[in-house]
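Asks:
Residue numbers (the working numbering), protein chains in the order written: chain A, 4 to 316; chain B, 5 to 351.
1. Using Cβ-Cβ distances below 7 Å, what residues of the region 41-69 of chain B are close to chain A?
2. Assuming residue 66 (chain B) contacts residue 55 (chain B) under a Cβ cut-off of 8 Å, what Cβ separation, rounded to an integer in Å, is found between them?
3. Give me the chain B residues within the contact set of residue 77 (chain A), using Cβ-Cβ distance strictly less than 7 Å, ordered along the chain.
4. Going by DSSP, what residue range makes up the alpha helix (DSSP H) through residue 95 (chain B)?
5. How is residue 274 (chain B) classed by DSSP in three states: helix, strand or coil?
6. Could you tell me the distance, in whole angstroms, from the CA atom of residue 4 (chain A) to the CA atom of residue 276 (chain A)?
7. Just the Cα atoms here: how many angstroms apart are residue 102 (chain A) and residue 183 (chain B)?
8. Measuring CA to CA, which of B:252, B:75, B:62, B:26 is closest to residue 39 (chain B)?
9. Return the chain-ordered list of same chain residues with a C-beta closer than 7 Å to the C-beta of residue 272 (chain B), the five sequence neighbours on each side being excluded.
10. Sort B:207, B:301, B:325 by Cα distance to residue 173 (chain B) and report the nearest one.
11. For a contact meaning CB atoms closer than 7 Å, what does residue 176 (chain A) contact in chain B?
12. Taking 8 Å as the cut-off, decide whether the C-beta atoms of residue 336 (chain B) and residue 142 (chain B) are in contact.
13. For the 8 Å Cβ check, are there 3 or more pairs between the region 214-227 of chain B and the region 93-109 of chain B?
14. Between A:219, A:272, A:198, which has its C-alpha nearest residue 30 (chain B)'s C-alpha?
15. Between the region 169-181 of chain A and the region 139-159 of chain A, do three or more beta carbon pairs fall short of 8 Å?
16. With a threshold of 7 Å on Cβ separation, who are the neighbours of residue 263 (chain A) within its own chain once the five nearest residues in sequence on each side are excluded?
17. Considering only their Cβ atoms, is the gap separating residue 323 (chain B) from residue 292 (chain B) smaller than 8 Å?
18. Alpha helix (DSSP H) containing residue 331 (chain B): first to last residue?
19. Which residues share a DSSP beta bridge with residue 233 (chain B)?
20. Excluding sequence positions up to five away, which residues of its chain have a Cβ less than 8 Å from the Cβ of residue 25 (chain A)?
21. Does the beta-carbon distance from residue 327 (chain B) to residue 266 (chain B) come in below 8 Å?
22. Count the other CB atoms within 10 Å of the CB of residue 261 (chain B); is the residue buried (16 or more) or exposed (fewer)?
23. CA-CA distance, residue 212 (chain B) and residue 196 (chain B)?
24. What does a CB cutoff of less than 8 Å around residue 134 (chain B) pick up in its chain, not counting 5 residues either side in sequence?
25. By how many angstroms is the C-alpha of residue 169 (chain A) removed from the C-alpha of residue 64 (chain B)?
26. On a CA-only basis, which of B:36, B:149, B:168, B:206 is nearest residue 62 (chain B)? Give me that one, please.
27. Where do the N-terminal and C-terminal ends of the alpha helix (DSSP H) with residue 175 (chain A) fall, by residue?
28. Could you check the C-alpha separation between residue 104 (chain A) and residue 111 (chain A) for me, to the nearest Å?
29. Do you know whose CA, among A:265, A:283, A:226, A:260, lies nearest residue 254 (chain A)'s CA?
30. What ranges does the beta strand (DSSP E) occupy inside the region 173-241 of chain B, keeping only unbroken runs of at least 3 residues that lie completely in it?
31. Name, going along the chain, the residues of the region 15-31 of chain B whose beta-carbon falls closer than 9 Å to a beta-carbon of chain A.
32. What residues in its chain sit with their C-beta under 6 Å from that of residue 222 (chain B), if we drop five residues either side in the sequence?
33. Counting only the same chain and skipping the five closest in sequence on each side, list residues whose C-beta sits under 6 Å from that of residue 284 (chain B).
34. Say whether chain B places a C-beta atom closer than 8 Å to the C-beta of residue 18 (chain A).
35. Are the C-beta of residue 4 (chain A) and some C-beta of chain B separated by less than 8 Å?
Shown next, in the form of structure tokens:
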């Protein structure tokens, strides 16, 4: 098997989320070192608070302060902290039922080792130095052998309420395009366009993805296509994309390479943008060191007859 | 609602740690062909197609559309997708067949966990306000559940090791892990390597058919006598992690408690979760649990639940079971649960 390609793929997104009245109060409270729960109609106190009762689905708005001290209800020792987790030294994941609450909050517990942790352990909140109105305003919990703290009876109304959070996420992948696309990309490195023919309908797919979407069978026979092709359709782009070093307006087109059963897409240049037309004959232009054609330019051949590409639109 | 619907064919890949030599569609297509060959059906004969997968595994948006190339979606087909385990795609297909809009359905699911770091990827399905910013990974959350069970006296580490060993003592040729596997060191205490599922890539497909169509396509159809799925509160601190009321309710609604089953395929990615499920489903030692090895032997995420139903159905196809239960789960600590009850015709 020829070389299968791999490349790092990083997906990052800063999810910006708005908060409802309950979550807003809870996260603002954390910023002010106040832990709030929400009271249900059957007089349970849920911490962290939610907007609707998980049992009855009733709307909940009755905020009540609970203590920053509590009891571990279950735990798990994490000897190898991972990126993004609350502590970078070994710690325990814990569910903590705060004094005054009926449900438990998930967080980290800073403890010297697993022997120092057990269900029933008394703990208290360790506040983060800088607090912004996020669950991470609780830096972690720490063991605590004092009396339960007395909650202050806060109403949940603060000056300058936090109304949203930004939850950044990053995931790292090693992307591998598989057999068919690897073969295509490897051929491009030699400045060749290689498609694959469907054994059933005989159509040549470029770029190939390993399957014929019409017949639902694997494509396998490699077929070199191009380098010349025909513009089947196009559009004129007038909006400059971020980080794109191409002057607008430019032309983005669908190009049916000679021998291909469908059109691929590319930028069309080397001709004024308002002279690009259906049927224009083009060829790829490669730049030094690039792994794919930079753009397509006119070959100077006469335009292709419409009937030669009408099935490829 | 009186239409009888059955699983008439099932196929799955050999599950592997990585499949980087194949794209999703290249991995999936042989399974689709196999399941169609089993029934003699062609794509054009299928009334409805439904799939389960997750963009977060691939790291790409709308990744399922590329996999559709393997189905043969032209001329246009009736198709749907769930961003869930394929067991939930099967549920959707079952309801479609119940309406009478289709007589046959192709259900498939696939997951390539190898490109990313699965423990981190799965954190993105958690509550984004209070939980996901802490990045508690899938093993950590399962470990909290395991410790809760140990504290409640419902299991202990030796019993968990026994579950791990029994699961991997399978002759399932598709399994990723088989035979004696060391229990290993703690990953997140109290769970050791052996208590956790392997990370791997794989795909599965089943074909459903209604009434006489099922009898035409399969010598012994696995009739779906009931299927139901339930969810419980997303906040872990609200739930009793030692129990699974959603599984019990789904089982009750699916009719699982009306008569005993002889076989159960449980989707328990972690050993301790089998303890919870056995209790919720009232399974005693007379029931064969996970002869396939379950998710501890192979856990292609998004396909592992569909595989449980497929494995349960195959036992009926082969005459090894008369009444089998298939279970699928999704989310942390058994948050969502689906139960299907399958029966073969009397012999």
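Think of the CB as a built atom: it goes at the ideal place given N, C-alpha and C, for glycine as much as any other residue.
The structure displayed is predicted, hence computed values, not measured ones.
Replies: In terms of the structure at hand:
1. From the region 41-69 of chain B, only 47, 63 have a Cβ closer than 7 Å to chain A.
2. The Cβ separation is near 12 Å, so there is no contact.
3. 148, 151, 152, 155, 245
4. 90-102
5. coil
6. Residue placement at residue 4 (chain A) is flagged as unreliable, the pLDDT there being 49, under the threshold of 50; the coordinate-derived value follows with that caveat. Those two C-alpha atoms are separated by around 43 Å.
7. Taking the straight line from one Cα to the other gives about 48 Å.
8. B:75
9. 278, 281, 298, 299
10. Measuring from the Cα of residue 173 (chain B), the nearest candidate turns out to be B:301.
11. 63, 119, 120
12. yes
13. yes
14. A:219
15. no
16. These residues qualify, in order along the chain: 198, 207, 209, 228.
17. no
18. It is not in any alpha helix (DSSP H) - residue 331 (chain B) instead sits in the beta strand (DSSP E) that spans 327-334.
19. B:342
20. Closer than 8 Å at the Cβ level, and outside the excluded window around residue 25 (chain A), lie 41, 52, 53, 54, 63, 64, 66.
21. Taking C-beta atoms as the reference points, residue 327 (chain B) and residue 266 (chain B) count as a pair closer than 8 Å.
22. Only exposed fits residue 261 (chain B), as fewer than 16 other CB atoms lie within 10 angstroms of its CB.
23. 38 Å
24. Excluding sequence neighbours, residue 134 (chain B) sits near 239.
25. Each residue's Cα considered, the two are about 21 Å apart.
26. B:206
27. Per DSSP, residue 175 (chain A) belongs to no alpha helix (DSSP H); it is in the beta strand (DSSP E), 167-178.
28. 18 Å
29. A:283
30. 190-192, 205-214, 226-235
31. 22, 23, 24, 25, 26, 27, 28, 29, 30, 31
32. 12
33. 248, 251, 252
34. yes
35. The pLDDT assigned to residue 4 (chain A) is 49, lower than 50, so where the model puts this residue is not dependable, and the model offers no usable value.
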